[in-house]
Amino acid sequence: MNCREMNSNLAELLLDARLAQPEARGHLETCAGCRRELAELRATMDLMDQWAAPEVNPYFDAKLLARLRDQRQAPPAGSWERLKARILYGSSLRMRPLMAAALAVVFLLGGAACFELEIHNQPPQESAAVRDLQSLDGNSQVFQQLDSVDQAADQQEPGSGDGAGTPSSD
Ligand SMILES: [Zn+2]
Numbered sequence: 007m008n009c010r011e012m013n014s015n016l017a018e019l020l021l022d023a024r025l026a027q028p029e030a031r032g033h034l035e036t037c038a039g040c041r042r043e044l045a046e047l048r049a050t051m052d053l054m055d056q057w058a059a060p061e062v063n064p065y066f067d068a069k070l071l072a073r074l075r076d077q078r079q080a081p082p083a084g085s086w087e088r089l090k091a092r093i094l095y096g097s098s099l100r101m102r103p104l105m106a107a108a109l110a111v112v113f114l115l116g117g118a119a120c121f122e123l124e125i126h127n128q129p130p131q132e133s134a135a136v137r138d139l140q141s142l143d144g145n146s147q148v149f150q151q152l153d154s155v156d157q158a159a160d161q162q163e164p165g166s167g168d169g170a171g172t173p174s175s176d
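For any residue, its number in our numbering is found by taking its place in the sequence shown, counting from 1, and adding 6.
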């Protein structure tokens with residue numbers, strides 16, 4: 007048995023050496039590396055046995071609830087927080103839905119304004135059709151230039167006798 011095969015037998019050796027295969031026990035007697043690995047695993051297991059989860063404070067729930075109550079009763083810090091608290095908790099019961107609705111409208115209007123701003127800030131997007139037309143326009147300009155070059159060449163050609171393009175008559 008080699009060290010790689012020992013890996014699957016280490017757990018059995020760890021739990022109960024009698025459960026392990028005799029070959030594994032034989033390998034362990036001859037291989038210092040596997041003995042060391044087994045010892046490390048055993049030390050880890052011992053640590054896990056000693057480790058105990060910390061006990062929860064029996065007053066944890068009561069303390070948490072008390073703190074939540076304090077936070078709810080404490081005056082909010084910022085002016086916005088104060089306003090919100092006043093709208094949501096401070097106003098009379100009859101007015102509360104109305105105030106909540108007003109707050110929602112404020113939020114909606116604000117959101118809409120932001121959205122509109124974003125739309126207006128975006129550069130106008132040209133559609134694919136516009137892009138195609140523009141490229142066609144560019145192509146036609148290139149063709150016109152080519153045509154004018156041809157026409158210029160045609161006009162020059164009758165002047166030159168041998169077709170070399172240079173108007174040198176000899
Ligand atoms: Zn080994």
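Quick reminder that beta carbons are idealized off the backbone N, C-alpha and C, glycines included. A quick note: this is a predicted structure, and the numbers were derived from the prediction, not measured.
| query | Smallest Cα separation from Leu44: which of Ala80, Leu53 and Leu20? | reply | Residue mapping note: residue 44 aligns to position 38 of the sequence shown, counting from 1. Among Ala80, Leu53 and Leu20, the Cα nearest to that of Leu44 is on Leu20.
| query | Hey, Ala26 and Asn15: beta-carbon distance below 7 Å or not? | reply | One-based indexing of the sequence shown puts residue 26 at position 20. One-based indexing of the sequence shown puts residue 15 at position 9. Taking 7 Å as the Cβ cut-off, Ala26 and Asn15 qualify as a contacting pair.
| field | Host alpha helix (DSSP H) of Val155 (start-end) | value | Reading the sequence shown from its first residue, position 149 is the one you call residue 155. Here the alpha helix (DSSP H) through Val155 covers Ala134 to Gln162.
| Under three-state DSSP, which class holds Glu61? | Position 55 of the sequence shown, counting from 1, holds the residue named residue 61. Glu61 falls in the coil class under three-state DSSP.
| Taking the alpha helix (DSSP H) that Leu74 falls in, what are its first and last residues? | For the purposes of this step, residue 74 is taken as the residue at position 68 of the sequence shown. First-last of the alpha helix (DSSP H) with Leu74: Phe66 to Gln79.
| task | Give me the Cα-Cα distance between Leu74 and Thr50, rounded to the nearest whole angstrom. | result | Indexing the sequence shown from 1 puts residue 74 at position 68. Indexing the sequence shown from 1 puts residue 50 at position 44. Approximately 41 Å between the Cα atoms of the pair.
| The alpha helix (DSSP H) with Cys9 in it runs from where to where? | Here residue 9 is taken as the residue at index 3 of the sequence shown, counted from 1. Note, Cys9: alpha helix (DSSP H), Cys9 to Leu21.
| task | Would you mind sorting Cys40 into buried or exposed? The rule is 16 or more other CB atoms within 10 Å of its CB. | result | Counting from one through the sequence shown, the residue named residue 40 turns up at place 34. It is buried - the Cβ of Cys40 has at least 16 other Cβ atoms within 10 Å.
| query | In the structure shown, what three-state DSSP assignment does Leu25 receive? | reply | Position 19 of the sequence shown, counted from the start, is the residue given in the question as residue 25. Coil at Leu25, not helix or strand.
| query | For ligand 1, is there a heavy atom less than 6 Å away from the beta-carbon of Met12? | reply | For the purposes of this step, residue 12 is identified with residue 6 of the sequence shown, where counting begins at 1. Checking the Cβ of Met12 against ligand 1 gives yes.
| task | Would you grab the beta carbon distance between Met7 and His33 for me? Rounded to a whole angstrom, and I think it's under 8 Å. | result | In the sequence shown, the residue the question calls residue 7 occupies position 1. In the sequence shown, the residue the question calls residue 33 occupies position 27. Their Cβ separation, rounded to whole angstroms, is 5 Å, which keeps Met7 and His33 in contact under 8 Å.
| message | Given this structure, state the Cα-to-Cα distance separating Lys69 from Ala59, to the nearest angstrom. | response | Within the sequence shown, residue 69 is the residue found at index 63, counting from 1. Within the sequence shown, residue 59 is the residue found at index 53, counting from 1. Their backbone Cα atoms lie some 21 Å apart in a straight line.
| Taking the alpha-carbon positions, what's the Gln140 to Ser133 distance? | Position 134 of the sequence shown holds residue 140. Position 127 of the sequence shown holds residue 133. Rounded to whole angstroms, Gln140 to Ser133 spans 11 Å at the Cα level.
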